[in-house]
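Okay, so here's the structure we're looking at.
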Amino acid sequence: MKLNGKTVVLKKEQTLFEFLTVEQFDCTTIAVEKNGVIVSKTEYENVWLSDEDTLEIVRFVGGG
Amino acid sequence: MEIEVNGKKRTIGCRTAFELRAQLGSESDIVILNGFQIDNDCSLSENDTLTIIRKGVMPDQEELESMMTARHTPAVHKKLKLGRVAIAGLGGLGSNIAVMLARIGVGRLLLVDFDIVEPSNLNRQSYYIRHLGMPKTTALQNQLEEINPFIQIEIRTVRVESGNVAELFANYEILCEAFDKPAAKAMLVNTALEKIPHIKIVAASGMAGFSSSNSIKTARPMERLYVCGDLENGAGIGTGLMAPRVQICAGHQANMILRLLVGREEI
Chain C
1 MKLNGKTVVL KKEQTLFEFL TVEQFDCTTI AVEKNGVIVS KTEYENVWLS DEDTLEIVRF
61 VGGG
Chain S
1 MEIEVNGKKR TIGCRTAFEL RAQLGSESDI VILNGFQIDN DCSLSENDTL TIIRKGVMPD
61 QEELESMMTA RHTPAVHKKL KLGRVAIAGL GGLGSNIAVM LARIGVGRLL LVDFDIVEPS
121 NLNRQSYYIR HLGMPKTTAL QNQLEEINPF IQIEIRTVRV ESGNVAELFA NYEILCEAFD
181 KPAAKAMLVN TALEKIPHIK IVAASGMAGF SSSNSIKTAR PMERLYVCGD LENGAGIGTG
241 LMAPRVQICA GHQANMILRL LVGREEI
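Heads up: the protein sequence lines correspond to chains C and S, in order.
At position 5 of the first sequence (counting the first as 1) the number is 5 in my numbering, and the numbers step up by one without a gap.
At position 207 of the second sequence (counting the first as 1) the number is 207 in my numbering, and the numbers step up by one without a gap.
The following block contains the structure:
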C-alpha cells in the first residue's frame, strides 16, 4: 500500500481504524484520503485496506 | 493614444510618462507605470496604466482606489477583486492573513471567530491595546476598513462546528483554516472536504517556537488541500507561539491563496 508517497507492507487484512491505531495516529487530529477520496471519520472502522490502496494522512499539530 | 490615468481612461497627446506628469502635476510626483514605480522616463503605449501620486495629499475616493492598486500588475488586480475567501480563526494566522489579503485587494472576505481579543493575543496577532475585549471579528473588520475600504467584508461571530461548516463556507471558493487547536483544524478540514465539493482549503500545521524559518513550507497532500507549516512543531508547554514564525506561516498561506485566485494551483 502507498502511504504518503511511500510503500508500506500490510501484514494482514485490516480496517483503516486498526491501521491508524497500530501506527499510533490520533484520530481526532488527522484527515485521511483513500484513493483520492476523503474518508469520513465515521467510516474509519468500516473501510478495509488492501495493497492496491493509496492513503494520504495529514496530521495537524497545534498553533495558530 | 488612449491610456488609463489614475483609474480613468484618457486620450493623451504626449509620448512619455514624464511629459504627462509635467502636464498634470509636478516633478516630485511619484509615477507608476503598469505596476512599476519608474525613476527614469519611459515612452507610453496604447492601453498603458499610469498612476501619478502627489505625496502627502489625500486624493478623492475615486482616485484613491486606483492609486492603492497601482503597484499590482493590472490583470492580477482584476482577478483578485473577484476573489472570495473565507478565513476560519482570527488568531496569529487568520488576523495576519486577513490583513495581507485586504492589502492585495481580494474583493470579498468572510471573517469567522467566536472569541474576543485578549492581552495574550498581542504577541503575534494583528490587534492593538484598544481592541482588548472586543470580538476579534469586529476588531479585525475595523482594521481592514482602514487598510482597504474598497473590499467587502462579512463577519460571523460564531464557533465553527461540524454542523455549521457547510452553511458558513459553501459560498466561498477558498477556505483558509487558521485555527489553533489540532482537533478543530482536523474537524474543519474533514468536514469542508466532505460537505463542500468545490472548495479549496489552505490550512496550517506546525509554526511554534523559533526554529529555522526555512523549515516552513507549503505542501499539497490532497487535490483540494494545501498545508503550510513545518508539520511538526506544535504549540505546547514550553514551546510558545511567536510572531515571526507564525507570520512566516501566515505569509505562506496568503501567498498560496493569492496563487489560487490567479489560477495557479501548483505549490
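Backbone N, C-alpha and C fix where the C-beta goes; we use that ideal spot for every residue, glycine too.
| message | Does the CB of K34(C) have a neighbour CB from chain S at under 8 Å? | response | no
| Cross-chain neighbours of K78(S) in chain C, by beta carbon under 7 Å | Within 7 Å Cβ-Cβ: nothing; K78(S) doesn't reach chain C, min ~31 Å.
| task | List the DSSP bridge partners of G236(S). | result | T239(S)
| Could you check where the beta strand (DSSP E) with P221(S) kicks off and where it finishes? | 217 to 222
| message | Does I12(S) come out as helix, strand or coil in the three-state DSSP assignment? | response | coil
| query | Taking the alpha carbon of L50(S) as the point to measure from, which residue in N6(S), S43(S), P59(S) has its own alpha carbon closest? | reply | N6(S)
| query | Assuming A178(S) contacts G91(S) under a Cβ cut-off of 8 Å, what Cβ separation, rounded to an integer in Å, is found between them? | reply | 7 Å
| task | Under 8 Å by Cβ, that's how I've got L111(S) and C249(S) pegged, so tell me the actual separation to the nearest angstrom. | result | At roughly 18 Å, the Cβ-Cβ gap does not stay under 8 Å, so L111(S) and C249(S) are not in contact.
| query | Which residues bound the alpha helix (DSSP H) around E173(S)? | reply | That residue, E173(S), is in no alpha helix (DSSP H); it is neither H nor E in DSSP.
| At a cut of 8 Å, does the region 27 to 46 of chain S reach the region 42 to 61 of chain C through at least three beta carbon pairs? | no
| field | beta strand (DSSP E) segments (min. 3 residues) lying fully within the region 22 to 62 of chain S | value | 30 to 33, 49 to 53
| query | Could one say the Cβ of E161(S) lies closer than 8 Å to chain C's Cβ atoms, at least one of them? | reply | no
| task | Give every residue of the same chain whose Cβ lies closer than 6 Å to the Cβ of K136(S), excluding the five residues on either side of it in the sequence, and list them in chain order. | result | L90, D113, D115, V117
| field | Three-state secondary structure (DSSP) of E4(S) | value | strand
| said: Please tell me whether A98(S) and L144(S) are closer than 8 Å, where the distance is taken between their beta carbons. | reply: yes
| query | According to DSSP, is L65(C) helix, strand or coil? | reply | Nothing can be reported for residue 65(C), as the shown portion of chain C is limited to 1 through 64.
| query | Nearest-angstrom Cα distance between L16(C) and P149(S)? | reply | 49 Å
| message | Considering only DSSP beta bridges, list what P135(S) is partnered with. | response | I116(S)
| query | On the three-state DSSP scale, how would you describe R159(S)? | reply | coil
| query | Can you tell me whether A254(S) is buried or exposed, with buried defined as 16 or more other CB within 10 angstroms of its CB? | reply | buried
| task | Give the interface partners of D180(S) over in chain C, defined as CB-CB distance under 9 Å, in chain order. | result | G62, G63, G64
| message | Suppose the cutoff is 7 Å on Cβ atoms and the five residues either side in sequence are ignored; what does the same chain contact list for V165(S) look like? | response | L188, T191, A192, K195
| query | My guess is that R224(S) and I257(S) are in contact by the Cβ rule of under 8 Å, so how many angstroms apart are they, rounded? | reply | No, R224(S) and I257(S) are not in contact; Cβ-Cβ is about 13 Å, not under 8 Å.
| message | In whole angstroms, give me the CA-to-CA distance for H252(S) and I155(S). | response | 23 Å
| Burial state of G56(S), where buried means 16 or more other Cβ atoms lie within 10 Å | exposed
| field | Chain-ordered neighbours of E232(S) on chain D, where CB pairs are closer than 8 Å | value | Going by chain labels, chain D is absent from the structure shown, which instead holds the protein chains C and S.
| Pairwise C-alpha distance: G35(S) and E266(S) | 25 Å
| message | With a threshold of 8 Å between beta-carbons, can E43(C) be considered close to chain S, or not? | response | no
| Who are G206(S)'s beta bridge partners in DSSP? | Note: G206(S) sits in no beta bridge, so no partner.
| field | CB contact check: T15(C) to chain S, cutoff 8 Å | value | no
| request: Check the Cβ-Cβ distances between E23(C) and every residue of chain S, and say whether any is below 8 Å. | output: no
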